[in-house]
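Quick note: to get the numbering used here, add 871 to the position in the sequence shown (first position is 1).
Just so it is clear, CB atoms sit at the ideal spot from N, CA and C, and this is done for glycine as well.
Please read all numbers here as calculations on a predicted model, not as lab measurements.
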Amino acid sequence: VIRFHSRPQRLVYVQDTVIFILDILYRDRDYARFFVLETIARVPYFAFISVLHLYETFGWSRRADNIKVHFAESMNEFHHLLIMEALGGNSVWLDRFLARFSAFFYYFVTVGMYMLSPRMAYHFSECVERHAYSTYDKFLKLNGEELKKLPAPEVAVNYYMNEDLYMFDEFQTSRAPNSRRPKVDNLYDVFVNVRDDEAEHCKTMKACQTHETLRSPHAVQSSIEADAE
């Protein structure tokens, strides 16, 4: 495993370059930008799961909790993507092409990075999630009052309010299950929830770098309840 305390310089350059390009291409086109970001955001979790399944197939390791948590993370990002699509972020063909082409390339980069050093891959994903949090936070500060006047997309209401929230709890490894239940009264609330989700992803990626074996939040809760009996 490669050990480091900050991002490798090449990864810093890659991330900063991508951010710079997106800032230029999607100036004043926030929903399209978010669509691209959320399409790409799912990729690391697909890559992590792919490598973990490969290792398990060859009998090199078995980390069921990691796979479960990463799948839950991918489902959360999937619903972010559905929200951005509902807001029209995928209406332009070129945006869809750019998002999917970038995701395809990013998948193989992440697989290689994860096989070389899981810690490095998790650290890079932590930095990406931190940038996502900052992006949504800035958007909320600039557009908060207008967003409060707009209705929440149905897909957001269903995800945060009406669906089984087992998988929603599962990706938040810094919290006990059922401890976070967002409200969805308007579009502002939706983006607050998306922003806060990114913060939880960031915490989970950080935990992956420091814990030899990641524990599922529900597995931890079950152990606590069993010990209490």
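- The criterion of a C-beta distance shorter than 7 Å is not satisfied by LEU1011 and LEU1058.
- Taking the C-beta atoms as reference points, LEU908 is found no nearer than 7 Å to VAL1026.
- One alpha carbon belongs to VAL922, the other to ARG967, and they sit about 26 Å apart.
- In this structure, the alpha-carbon of ALA1023 lies about 11 Å from that of TYR1031.
- Nearest Cα to LEU965 within the set ARG1051, TYR897, PHE919, SER1050: TYR897.
- In the structure shown, VAL1091 falls within a helical segment according to DSSP collapsed to helix, strand and coil.
- Around the CB of THR888, fewer than 16 other CB atoms lie within 10 Å, so the residue is classed as exposed.
- Of the candidates TYR1037, ARG990, GLU1000, ARG990 places its Cα closest to the Cα of THR1081.
- Inter-residue distance for TYR916 and VAL982 is about 10 Å (C-alpha atoms, whole angstroms).
- Exclusion of the five residues before and after LEU958 leaves TYR902, PRO1024 as the residues of its chain whose Cβ lies within less than 7 Å of its Cβ.
- The beta carbons of TYR1007 and ARG1066 sit about 4 Å from each other, so the pair counts as a contact at 8 Å.
- Bounds of the alpha helix (DSSP H) holding ALA1003 are 989–1018.
- When secondary structure is reduced to three states using DSSP, SER945 falls in the helix class.
- Between the alpha carbons of ASP899 and LYS1074 lies a distance of about 30 Å.
- For the alpha helix (DSSP H) assignment, the uninterrupted runs of no fewer than 4 residues enclosed by the region 898–986 are, from N- to C-terminal side, 901–912, 914–928, 935–957.
- For secondary structure counted as the alpha helix (DSSP H) over 4 or more consecutive residues, the region 1022–1085 holds these complete runs in sequence order: 1025–1028, 1037–1041, 1058–1081.
- Within the same chain, Cβ atoms closer than 7 Å to the Cβ of VAL940 are found at GLU1041, PHE1042, THR1044, THR1075, LEU1085, SER1087, the five residues on either side in sequence being excluded.
- Less than 7 Å divides the Cβ of GLU1069 from the Cβ of ALA1003.
- The beta carbons of GLU956 and ALA912 sit no closer together than 7 Å.
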